[in-house]
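Each residue of the sequence shown is one higher than the one before, starting from -11 at the first, in the working numbering.
Here the structure comes first, spelled out in structure tokens, and everything after it is commentary.
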Amino acid sequence: MESEVGQRILALRTARGLTQRALAEPRYTAAYISSVERGRRIPSTDALSHFAERLGIPLVELATGEPATSTIVLDLELAEADALALTLASTLAEPRAGIDPDRAPAEHQQAATEHQQMATEYRRVVAAYQRVAEAATDDPLRAARCQLGLGRLALTLALALALASRTSQNTEPASTADEQVERASGYFDAAWRLLADGDPRLRAEAVAEQAACARLRGAAGYGAYLLSTQRDELHRTGYPDPAALLALHAQLAACQADRGDEEAAIEAAEAALALAGPPDPDTAADLHLTVARTLLAAGRSECAATALDQARRARAQAMLRPELARCHHIRGRARLVDADVAGAAADLLAAHRDYTATGQLDAALDTGVDLAQVHRALGRPAQARALLDAALAATDPTTIDAVNPVPLAGGRTAAPDPTPPHPLRAARAYRVLALLATDDGDQAGAERCLRTAIELYRRIGPRRELAQATVALADLFSAGGDATAAARVLHDGLTGIEQLTDRNGYG
């Protein structure tokens, strides 16, 4: 019995006067076309894409038999575009090593080829969203989803350009990244306007993305205001949709953390993680999408629509992976403070994994410092030191030794006295190194590490951590019977805290 897809291919091929060989070449054979048309073979997505191009119709129309403007086909195209966009984001987030001067020509050629491939893929995804947007001019919901997709693409490019600017001497990409953030903001504003007359749960995704843009501009407070207002509206109007609240809380945790409001950040992070679904939503979305294609090909449109909605929801969570990594990090630190070592380990490992997967390498190194505390608590000093060494080694070696009287692995020596590029990470790493030195009975090493941490905290804060490091150093002297040195450390520490308050006005 001929399959429905095979019947469509046969009818379209015949109508266009194409032979089986003409349709098949150069990638397939006439025998393969014959087996597909007779229903003996099920064509892959790649094969269908090839046939659709030869037949001059959209892929989804060939796969489903639905006209290209039907809502179910638009939903399938949107789902496909979202999947492509997320794959592109993962590719752009992959760390790339510098070019070896001895192999520069070959590596430059490889880099140029990769850049061209990513540019082609970027244009492909943009075209997919634009195609649906043109067909959905009378459909505000789907048109808004296209605007959201285009905005996320712009944010993906902005973050990739910002990363490139930090790893090269060229400052031009940074301004381009800012321009992409503004471009993304325009798309998200357009999505919000399209949904302005709908219920508030439909606007939540647009608001979450607007807040992300605000945070990238350094306006985390305004982002938190947008998110809190939208969250409250959802509850007030009776639309506490879990997916909408997940997006809002995940972004709110990041905004509150950037503002320095740890309590509010922890509350939002816990709320987001409580709403999060499967641990691998991207795979779940792919599976739902495969089911949807199969159901559509079988003519079961209503069931396919359900599968597509499940794919959309899973993909939406997959797109929140960077924000959920931040939520795990925030909750992991809170659990560490509460001495919940097992819970902290689970959260921090999840954060480290997702930070790395989404290209947030600085955040992954920060998490490594927190994980070092977990390893110390579990009696694994070697693993703790390895993480701390990685965190410190990632700081510019020409500046970190300026405030580093303790040799790292590799035997680097002291240098002049500037502030390193990641002073807070370095300060926290030295605090943990001091704890490890104390565990080993190395009071002199602990003192050197704490003095290094204090010097860094005195420059950038926060006051609370400066106070903690100061008290730790004073306790170290007290335990050694040197009350005079302890008193002097406390006096100097109080002076440093007051100066930090006067200079920065924060705690």
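Beta carbons: idealized from backbone N, C-alpha and C, even for Gly.
These numbers were taken from a predicted model, which means no experiment stands behind them.
Checklist entry - Quick one: is Gly5 buried, meaning 16 or more other Cβ sit within 10 Å of its Cβ, or exposed? => result Counting from 1 along the sequence shown, the entry for residue 5 is found at position 17. That one is exposed.
Checklist entry - If we ignore side chains and look at the alpha-carbon of each, how far apart do Asp127 and Cys134 end up? => result Numbered from 1 along the sequence shown, position 139 holds the residue referred to as residue 127. Numbered from 1 along the sequence shown, position 146 holds the residue referred to as residue 134. Spanning the two alpha carbons is a distance of roughly 11 Å.
Item to check | Proximal residues to Tyr117 (C-beta, below 6 Å), its chain only, five neighbours per side dropped | outcome: Within the sequence shown, residue 117 is the residue found at index 129, counting from 1. So the qualifying residues of the chain are Ala69, Cys134, Gly137, Leu138.
Checklist entry - What residue from Glu49, Ala460, Ile21, Ala12 has the CA that sits closest to Ala286's CA? => result Start at 1 with the first residue of the sequence shown, and residue 286 comes out as number 298. If we check each option's Cα against that of Ala286, Glu49 comes out closest.
Next on the checklist: Assuming Thr17 is part of the alpha helix (DSSP H), what are its boundary residues?
Outcome noted: In the sequence shown, residue 17 corresponds to position 29, counting from 1. Where Thr17 is concerned, there is no enclosing alpha helix (DSSP H), given that its DSSP letter is neither H nor E.
Item to check | Residue closest to Tyr438, alpha-carbon to alpha-carbon, out of Leu454, Ile448, Gly449, Pro450 | outcome: Working through the sequence shown from its first residue, we reach residue 438 at position 450. Residue identity differs from the one stated: residue 438 is Leu in this sequence, not Tyr. If we check each option's Cα against that of Leu438, Leu454 comes out closest.
Next on the checklist: Just to confirm before moving on: does the CB-CB distance between Leu380 and Arg446 stay below 8 Å?
Outcome noted: Within the sequence shown, residue 380 is the residue found at index 392, counting from 1. Within the sequence shown, residue 446 is the residue found at index 458, counting from 1. Their beta carbons are not under 8 Å apart, which means Leu380 does not touch Arg446 by this criterion.
Next on the checklist: For Asp297, tell me which candidate among Pro310, His317, Leu275 has the shortest Cα-Cα distance.
Outcome noted: For the purposes of this step, residue 297 is taken as the residue at position 309 of the sequence shown. Checked all of Pro310, His317, Leu275; the closest Cα to Asp297 is Leu275.
Checklist entry - Could you check where the alpha helix (DSSP H) with His316 kicks off and where it finishes? => result Taking the first residue of the sequence shown as 1, we reach residue 316 at position 328. 309 to 325 is the extent of the alpha helix (DSSP H) around His316.
Checklist entry - Is the distance from the Cβ of Arg181 to the Cβ of Gly209 below 8 Å? => result By 1-based counting over the sequence shown, the position of residue 181 is 193. By 1-based counting over the sequence shown, the position of residue 209 is 221. Not closer than 8 Å, so no.
Checklist entry - What is the residue span of the alpha helix (DSSP H) that Leu6 lies within? => result In the sequence shown, residue 6 corresponds to position 18, counting from 1. No alpha helix (DSSP H) holds Leu6; DSSP gives it neither H nor E.
Next on the checklist: Using a Cβ-Cβ cutoff of less than 6 Å, which residues in the same chain neighbour Gly481 once the five nearest sequence positions on both sides are dropped?
Outcome noted: Counted from its first residue, the sequence shown places residue 481 at position 493. Excluding residues within five positions, the ones whose Cβ falls inside 6 Å are Thr458.
Checklist entry - For Ala264, which three-state DSSP category applies? => result In the sequence shown, counting from the first residue as 1, residue 264 sits at position 276. The answer is coil: DSSP assigns Ala264 none of H, G, I, E or B.
Checklist entry - Are the Cβ atoms of Leu222 and Ala232 separated by less than 8 Å? => result Residue numbering aside, residue 222 sits at position 234 when the sequence shown is read from its first letter. Residue numbering aside, residue 232 sits at position 244 when the sequence shown is read from its first letter. Between Leu222 and Ala232, the C-beta gap is smaller than 8 Å, which places the two residues in contact.
Checklist entry - Curious, which full-length alpha helix (DSSP H) runs of at least 4 residues does the segment 123 to 200 contain? => result 128 to 154, 160 to 182
Item to check | Three-state class that DSSP yields for Thr225 in the structure shown | outcome: Position 237 of the sequence shown holds residue 225. Three-state result, Thr225: coil.
Checklist entry - Where Pro161 and Leu80 are concerned, what is the direct C-alpha to C-alpha distance, given to the nearest angstrom? => result Residue numbering aside, residue 161 sits at position 173 when the sequence shown is read from its first letter. Residue numbering aside, residue 80 sits at position 92 when the sequence shown is read from its first letter. With a pLDDT of only 46 at Pro161, under the threshold of 50, the placement of this residue in the model should not be trusted, and no figure is reported.
Checklist entry - Counting Cβ pairs closer than 8 Å, one from the segment 349 to 367 and one from the segment 322 to 336, do we hit at least three? => result yes
Checklist entry - Ordered along the chain, which non-local residues of its own chain (more than five positions away) have a Cβ less than 7 Å from that of Ala339? => result As a first step, residue 339 is located in the sequence shown; it is residue number 351 there, counting from the start. Answer for Ala339: Ala313, His316, His317, Gly320, Thr355, listed in chain order.
Next on the checklist: For Glu(-8) and Ile21, what's the separation of their Cα atoms in angstroms?
Outcome noted: As a first step, residue -8 must be located in the sequence shown, where it is residue number 4. As a first step, residue 21 must be located in the sequence shown, where it is residue number 33. Rounded to whole angstroms, Glu(-8) to Ile21 spans 14 Å at the Cα level.
Item to check | Residue burial classification, Leu376 (beta-carbon count within 10 angstroms, cutoff 16) | outcome: Mapped onto the sequence shown, residue 376 falls at position 388. It is buried - the Cβ of Leu376 has at least 16 other Cβ atoms within 10 Å.
Checklist entry - Under a Cβ-count criterion, where at least 16 other Cβ atoms within 10 Å of its own Cβ denotes burial, should Arg224 be classed as buried or exposed? => result Mapped onto the sequence shown, residue 224 falls at position 236. So Arg224 ends up on the exposed side.
Next on the checklist: Can you look up Thr346 in the DSSP assignment and give me helix, strand or coil?
Outcome noted: Walking along the sequence shown from the start, residue 346 turns up at place 358. DSSP places Thr346 in coil when its eight states are reduced to three.
Checklist entry - Going straight from the alpha carbon of Ser32 to that of Ala235, what length do you get? => result Working through the sequence shown from its first residue, we reach residue 32 at position 44. Working through the sequence shown from its first residue, we reach residue 235 at position 247. Cα to Cα, the separation comes out at about 34 Å.
Checklist entry - If we count Cβ pairs, one from each stretch, closer than 8 Å, do we get three or more for the segment 109 to 123 versus the segment 168 to 178? => result no
Item to check | Residue environment, Leu237, which counts as buried when at least 16 other CB atoms sit within 10 Å | outcome: If you number the sequence shown from 1, residue 237 lands on position 249. Checking the sequence shown, residue 237 turns out to be His, not Leu. Burial call: buried.
Checklist entry - Can you tell which of Ser58, Leu76, Ala77, Thr108 has its C-alpha closest to the C-alpha of Ala121? => result Translated into positions along the sequence shown, residue 121 becomes position 133. Checked all of Ser58, Leu76, Ala77, Thr108; the closest Cα to Ala121 is Ser58.
Item to check | Pair within 8 Å by beta-carbon distance, Leu36 and Ala51 | outcome: Looking up residue 36 in the sequence shown gives position 48. Looking up residue 51 in the sequence shown gives position 63. For Leu36 and Ala51, yes; Cβs fall inside 8 Å.
Checklist entry - Is it buried or exposed for Leu359, if we count other Cβ within 10 angstroms and need 16 for buried? => result Numbered from its first residue, the sequence shown carries residue 359 at position 371. When all chains shown are included, Leu359 counts as buried.
Checklist entry - Which value, in whole angstroms, describes the spacing of the CA atoms of Ile87 and Ala415? => result Position 99 of the sequence shown, counting from 1, holds the residue named residue 87. Position 427 of the sequence shown, counting from 1, holds the residue named residue 415. Bear in mind that the predicted position of Ile87 carries a pLDDT of just 44, short of 50, making it unreliable; the figure below should be weighed with that in mind. Looking at the backbone, the Cα of Ile87 and that of Ala415 are separated by about 31 Å.
Item to check | Whole-angstrom distance between Leu141 and Thr75, CA atom to CA atom | outcome: Along the sequence shown, one-based indexing puts residue 75 at 87. Along the sequence shown, one-based indexing puts residue 141 at 153. Going from the Cα of Thr75 to the Cα of Leu141 covers about 11 Å.
Checklist entry - Would Asp220 count as contacting chain B if we go by Cβ distances under 8 Å? => result Among the chains in the structure shown there is no chain B, since it carries only a single protein chain.
Checklist entry - Beta carbon of Ala302, beta carbon of Pro269: below 8 Å? => result One-based indexing of the sequence shown puts residue 302 at position 314. One-based indexing of the sequence shown puts residue 269 at position 281. Cβ distance < 8 Å, so Ala302 and Pro269 count as in contact.
Item to check | Alpha carbon of Glu255 to alpha carbon of Ala242, nearest angstrom | outcome: Position 267 of the sequence shown, counted from the first residue, corresponds to residue 255. Position 254 of the sequence shown, counted from the first residue, corresponds to residue 242. So the two alpha carbons sit approximately 11 Å from each other.
Checklist entry - Excluding sequence positions up to five away, which residues of its chain have a Cβ less than 7 Å from the Cβ of Ala253? => result Residue numbering aside, residue 253 sits at position 265 when the sequence shown is read from its first letter. The residues are Ala241, Gln244, Ala245, Ile318.
Item to check | Alpha carbon of Gly484 to alpha carbon of Leu151, nearest angstrom | outcome: Within the sequence shown, the letter at position 496 stands for residue 484. Within the sequence shown, the letter at position 163 stands for residue 151. Straight-line spacing of the CA atoms in Gly484 and Leu151 works out to 34 Å.
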